[in-house]
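What follows is a short report on a single structure.
In the working numbering, the protein residues as written are 39 to 222.
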């Protein structure tokens, strides 16, 4: 896939000192200071001396570093908009995007983005209680898990075949069995 450049405000290489390259080859021109404030994870990476061509950085210009991330462009756009001062904050997150946002925010230790993900997931607790429940349990969000569990109790069946969601794979089986025990 050819490289593309992210939308504004992440499209200006003239002021950027860090490029974030996503799994789908989207380049985000970002700023070390903002990433360092928003994320202890990025702060640690960016405090390391510039390295040759290793898995963290590859020099592209003398002023720029490139960080390759696992997330796709849509997820990183949402995450970065949560920590950048910009006029167009993110909106319209789908359930899968909210789950990806939670994973990315957790990975990069971005507490504000993690809280935003939790709030988005709360909006889906009524319509999609099972994935929300398992994500909430994964991150220790008991209040959100309780809200989603109330909706789970209204489901006709919680058998593994009837309620399987990929999010079950990220928690201990005990979490599912506890929910099952309360349902029946």
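Backbone N, C-alpha and C define an ideal beta-carbon position, used for all residues, glycine too.
From a predicted model like this one, the values you see are computed outputs, not experimental measurements.
Collapsed DSSP secondary structure at residue i in the structure displayed
i	result
residue 139	helix
residue 109	coil
residue 175	helix
residue 209	coil
residue 190	helix
residue 93	Per-residue confidence for residue 93 stands at a pLDDT of 45, beneath the threshold of 50, marking its modelled position as unreliable; the derived number appears in the next sentence. Of the three classes helix, strand and coil, the one that applies to residue 93 here is coil, per DSSP.
residue 48	coil
residue 134	helix
residue 195	coil
residue 122	coil
residue 148	coil
C-beta contact flag for residue i and residue j at 8 Å
i	j	result
residue 49	residue 70	no
residue 152	residue 163	no
residue 132	residue 169	no
residue 60	residue 114	yes
residue 147	residue 65	no
residue 83	residue 105	yes
residue 136	residue 159	yes
residue 57	residue 107	no
Euclidean distance between Cα positions of residue i and residue j
i	j	result
residue 47	residue 53	11 Å
residue 220	residue 205	19 Å
residue 167	residue 157	14 Å
residue 150	residue 81	15 Å
residue 124	residue 184	34 Å
residue 109	residue 68	16 Å
residue 111	residue 180	30 Å
residue 121	residue 130	17 Å
residue 154	residue 87	32 Å
residue 75	residue 194	46 Å
residue 172	residue 213	8 Å
residue 51	residue 118	16 Å
residue 189	residue 217	11 Å
residue 103	residue 211	41 Å
residue 209	residue 177	9 Å
Counterpart residues of residue i in DSSP-defined beta bridges
i	result
residue 66	58
residue 13	This structure does not reach residue 13, given that the chain is present from 39 up to 222, and the question cannot be answered.
residue 42	64
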